[in-house]
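Take the sequence shown: its letters are residues 9 to 1203, numbered as in the numbering used here.
Even for Gly, the Cβ is constructed at its ideal location relative to N, Cα and C.
All values reported here derive from a predicted model rather than from experimental measurement.
Each remark here refers to the structure printed beneath this line.
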Amino acid sequence: MKNRARVLEFNTVMKCKNAEKLFEFFSSHSKFFCLLPSEFDAKKLQYPSLLSVMDFSKQNVHILCPGAKMELLHFLDDPGVLLTNFDAMLEGNNAAFLQKCLSGLLIQEETLPTKCSVLIPGMEHIQNKDRCEAWMIRLCFMYMCILELHANTDQTAVTMSREVMDVFTSTLKDKQVAHLFSEGDLFIRCKGHAGSSMANNNLQEFPVEQFDNVYMFMTRLDFQNNKIKSLPPDLFTKFKALEYLNLSKNNFTEVPKGIGNLTVLTEIDLSSNRLKTLPSDFENVSHSLTSLNISNNNMEGLPGCIFKLVKLEELYAENIGVVEGLDQLRNLMELKVLNLGLNLIEKIPEELGDLQLEYLDLSGVPWVPATTYQSVIAFMKQLQFNNVTMNIDIAEQAKMFKKADVDESSTLTPDEVQVLTNDRLFPMYPRFGKGSFAFEKSGGIPPVLFNLKALKKLVLRYHGITMVPDEIKVFTNLNEIDLSYNLKMVTLSAELAALPLKQLHLKECTALNTPPKEIVSRGFLAVIGYLKRLRLGAVQCKRTKLMMVGLGGAGKTSLVQSLMSQRYRAYMDHDEPITDGIDIKTWNIPIQETSDQLMFSVWDFAGQTVYYNTHQFFLSNRAVYLLLWNVRQGYEHAGLDFWLSSIACHAPKAPILVVGTHIDKVEKFRLPEVNLKARYPQIVGFHYVSSYTGIGVDDLRQTIISNTLQQKYMGEKIPEAWLTLEKRLIAYHEEKKVDILPFKQLETISATCGIFDRGELIQAVQFLHDLGAVQFFDTDFLRDMIVIYPQWIVDVMACLVTVHQGAVKDGKMLLKDISKVWEDYPSELHPWLLRLTEEFDLTCSLPDEEASIVPCLLPDGEPEYDWPHADPRKNIRESMTVYKFQYLPAGLFNRAQVRLHQYSKGALLWKTGSFMKKNNHIALMIQNDEQEVIVRAQGFRPENFLFIVHEMIETLIRESYSGVHYDFFIPCMDCQSRNVKDPSMMSYQKVKRALELNVPFLQCEKFFHMLSLQEIKDAMPSDKMDEVDSHLRNSVRELIDLTTEKTVSVFFVYSTKDVPDLKDAEKCVHPGTILADMRSQDDLKVSYTDQPESSDMEALTLSIKANDVIVFGLSDNFANDDVCKKLLLYTKDVLQRPILLLLLGQTKNWQKGDLNMPLGDEVFVDMTKIDRYQHKIKELFVAIKKKDESKKKVK
């Protein structure tokens, strides 16, 4: 018997020590309890009898709180509930379950609450709490030994049986027990632990009373993003067990003393408060603290106590002001993460290079973003965001604004903001690349940084770095580098392609020409592919397009001949034939005093109005523009404003030369040069020429050359293989007389140039497309062909949109007449050509007949249609939006007509209008004049149609008309409610201005109704408003029945940690590939985040709530990140959104952890095998639709 007791005791001890089994148990369960004698008191705790433990008919059930993360079991002060089904508790699995719960208690240092007179009557008389804990451990061990007689001895997993669940549930129903636990919590936890994370709760004070009796069990507190103005003075004397503390984004000014009491504190976040310094005893946590965040506090430099935190691994001190004394960083040899970004730093010490950093942010003092229009108030607010720029004197800020506001509009344009940055904010503070930080040999990057060879992420934003040197290759572990907002940076070293990069940020690097901006705009993979090829050989390239524009008869064709002639003369000055569409020629010019050549692709645009809808597709910033006007006709009739506005809209960065022609025919002529230059700053010169006599042509030619060579993209390095491919395509065209190739044929040709990878081939072709050398459209239907002679595609467009008599009658093209339209082209190409015109928004198919509409060729006359009077009593309401453009580009309205055609059945279209009808709603869109578009809608919710049109206009402008500026107006809500026929209209710009000034009300101008600003804002589309609008979110849900086919909105969440290195690209599926394939589906609307671990949780929650299906990229990397894991479970269990799980990476070790159980009932799509990708991506599409359908059934 004695030996058996020892065996029981040994087995019990071993079970407590089996950490792997315990971890498995506590990871897969969330409900725990134990037994104590039913007549329990302090005396029985001190002197327990074996009989009281063995008699299971006299046991009380006590529910245990599992702590914040299933890591800290403890008792609560409750009397427990008598165990009724005691026989079932002795069954093998159930006894083993109780043993596991007791094991969780035995490994704790403390298990008893501060006051436990209800749990253990008489305890209030015992002063020594440590002795009581020892007695409780002894008692729990006795229970463990007794249960060992009944527990399972095999290795099967312990589960929570129905009997155990019934005991737990019935106990929790007892009022004395229930009031101690949090209601509705996913895990059954005490109110203290349930309230340990109260982020985003608008708290004004720290709720100390909530943690009464459980202070010692609190290991984590998260109170970020509240409004707490002060912390309790005894905070750190009570919460001594804290390991993690997050008090970021509050409003307190000091941290109370006593933090030195937190001997196990490892992580604290105090960012975004109003701290000036840290308490004097902060250095006392030096032997435990590993992570400290004090970012976004206006501090008096780095507090000296920080340099004594010898165990510190992560220091975040972004935007704290002036930072000095960095040589003391040598004391922090454990440091892996250092963020000193957005501060004023005047010296980078050599000691920095001695650290083993993996993350470093040394971003400079930021400037005002040039992406939006800035009022003086908005400008000053931007300066207040940074703790360095906020110290600029208010009078100086106003002076800076006034000087930058050249047009005196009280608003800074993006260009004016850029000038302000270059002239004032950039030189105002120390920056890498200038002054004492010039470091010319390394392009402005401090040489000491190249000693940090362990770096995985490097952030150097807002500096004057001019290049990334070849020395960058020393960072053999670098995964991410952020060089955004380096305005002077020109080149990146090709050695970047040899690094294991997963992200490369180059936002607003406006001077960059290697890689070219067209490559940068295509994203990370395109840039890395370009640099990778650059390592194998590159050619410095000096080429551009010369765009000849102007009205018909201005002499464009003749001037082209004059410029290309050695005598500067043409012989077609009189009655030259009409150019049909666009004519393209090549012009090579030797550059003086060098062996280089300047190559122009000369595009001669037709001047007839009917062609304007096609011109927009070929205007780009990578060009020099010659705007011609015939001096004989006078500038008033030359359409100069139209062309200047059009270029400013489509190519706002390109230089323009205004050229007067036929000067040999007129003695006197005039042009308001000063006025034009003031209105269109892109104009770089005015010239007057005669192509017949050659007067002024040589001067014009020299101006063209000098301005071209000043363009930032001149001298950019192009992979030699890409230019070889271009030459081979030109030769193929000339030899075979072929203008268009199947993509498979292109792959054969590219192989002869050393380009074998399809991904690189697409990058090369896209870049040649940007240069104007080829035309390639990467869509499902069009990507099978590539146009290798750009003139060909111009001719194709000219066949459809022509001044000559064609097969299109009154804007309608019958499909049977396609052979007439493109009679000179092979019939098998006709469907491709028709789809091409649809891609350009030049045509749209009619659903009810075999025909397509060509909106720009529609008749001008307005057809008859029924537009009834609104009658709110019959649920027929009317609303409207008026758009007023500074300049309305040719084609924008017609392209909007094409895209909106899908929303309507029985639509009527004419050149300046569309009448649409759908689901008891009607809408009317009319181009009223050259600057105004009016949209009206009627129905139960007319705003829905208006929002659709607004989104369409915004999308078109973002895609193709970046230089367009407009204001829009909505009716006064009081006028509408009174059914006023001509309501007062409220301007968006006015509302925006009022928001900046915090004006609570606005008055309508006609009838003086007073409206709250929030009410007006809620009625406006949110595209241009700063934050998400609740009214629009509700309205969007009702737009479903307005669309022909329901699209499923998908939010894709994955981590950049799962982006494979270049060496693993052939082994793993790239999340970006999945994203691109999802976005290629017409019935899916996909948004994404690739940094969930660092994104704002509130913004992520809004995105998750706004989408139909949430797709998580689940991997070992994802599962090992606490934030990612928390987001996944929060989405599933709290938000209860439909989720799909994509398995990424090459291993599935996460299935052994604590995620496997809660995700057991979810749908998985396994993407871990790249050779099965095509099958699995189709499986994903089906799964998304099924998820969406099941969600609708539940609703």
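- If the five residues before and after A103 are omitted, its C-beta is found closer than 6 Å to the C-beta atoms of L155, H158, A159, all from its own chain and listed in chain order.
- Here P839 is exposed. Its C-beta has fewer than 16 other C-beta atoms within 10 Å.
- Of the residues assessed, W651 falls on the buried side of the cut-off, its CB having 16 or more other CB atoms within 10 angstroms.
- Annotated three-state conformation of H471 is coil, per DSSP.
- Comparing alpha-carbon positions, the option among Q753, E1187, A325, V272 lying closest to N301 turns out to be A325.
- G767 and F848 have their C-alpha atoms spaced approximately 24 Å apart.
- E488: not part of any alpha helix (DSSP H); member of the beta strand (DSSP E) spanning 488-490, first to last residue.
- In the displayed model, W1158 falls within a helix according to three-state DSSP.
- The shortest C-alpha to C-alpha distance from C980 to any of N327, D990, V972 is the one to D990.
- If you ignore the 5 residues before and after D778, its C-beta comes within less than 6 Å of the C-beta of E526, all in its own chain and listed in chain order.
- In its chain, beyond the 5 residues on either side, V376 have a beta carbon closer than 6 Å to the beta carbon of Q390.
- The C-alpha of V1119 is placed about 12 Å away from the C-alpha of V1056.
- Between the alpha carbons of P867 and S1095 lies a distance of about 40 Å.
- As DSSP reads the structure, H695 sits in a beta bridge with V667.
- Counting only the Cα atoms, D85 lies some 10 Å from L72.
- DSSP lists C42 as the bridge partner or partners of H70.
- Under the criterion of beta carbons closer than 8 Å, E516 and Y493 qualify as touching, at roughly 5 Å.
- For A519, the closest alpha carbon among the candidates M131, D975, E724 is that of E724.
- F409 has its alpha-carbon roughly 8 Å from the corresponding atom of F387.
- Given a length threshold of 4 residues, each whole run of the alpha helix (DSSP H) inside the region 364-430 is given here in chain order: 384-392, 402-412, 422-428.
- Exclusion of the five residues before and after F1009 leaves M1018, L1019, S1020, L1021 as the residues of its chain whose Cβ lies within less than 7 Å of its Cβ.
- Two segments are said to touch when three or more pairs of C-beta atoms, one from each, lie closer than 8 Å; by this definition the region 656-675 touches the region 552-567.
- If you keep only unbroken beta strand (DSSP E) runs of at least 3 residues inside the region 739-818, you get 748-750, 793-795.
- Annotation for K1025: the continuous alpha helix (DSSP H) segment containing it runs 1021-1027.
- In the structure shown, Y252 falls within a strand segment according to DSSP collapsed to helix, strand and coil.
- Within 10 angstroms of the beta-carbon of I599 lie fewer than 16 other beta-carbons, which makes it exposed.
- Rounded to whole angstroms, H658 and Y700 show a C-alpha spacing of 32 Å.
- Comparing alpha-carbon positions, the option among V557, R630, I489, R577 lying closest to K550 turns out to be R630.
- At a Cβ-Cβ threshold of 8 Å, Y643 and I664 do not count as neighbours.
- Comparing alpha carbon positions, the residue from G869, W611, V414, K817 closest to A686 is V414.
- Judged by their CB atoms, V802 and F784 are not nearer to each other than the 8 Å cut-off.
- Residue environment: R1180 is assigned as exposed (fewer than 16 neighbouring CB atoms within 10 Å of its CB, all protein chains considered).
- Within the same chain, Cβ atoms closer than 7 Å to the Cβ of L270 are found at F244, K248, L250, V293, the five residues on either side in sequence being excluded.
- For T889, the enclosing beta strand (DSSP E) begins and ends at 885-893.
- Leaving aside the five residues that flank P880 on each side, the residues in its chain whose CB is nearer than 7 Å to its CB run, in chain order, N987.
- Counting of Cβ neighbours within 10 angstroms places V467 among the buried residues, the total reaching 16 or more.
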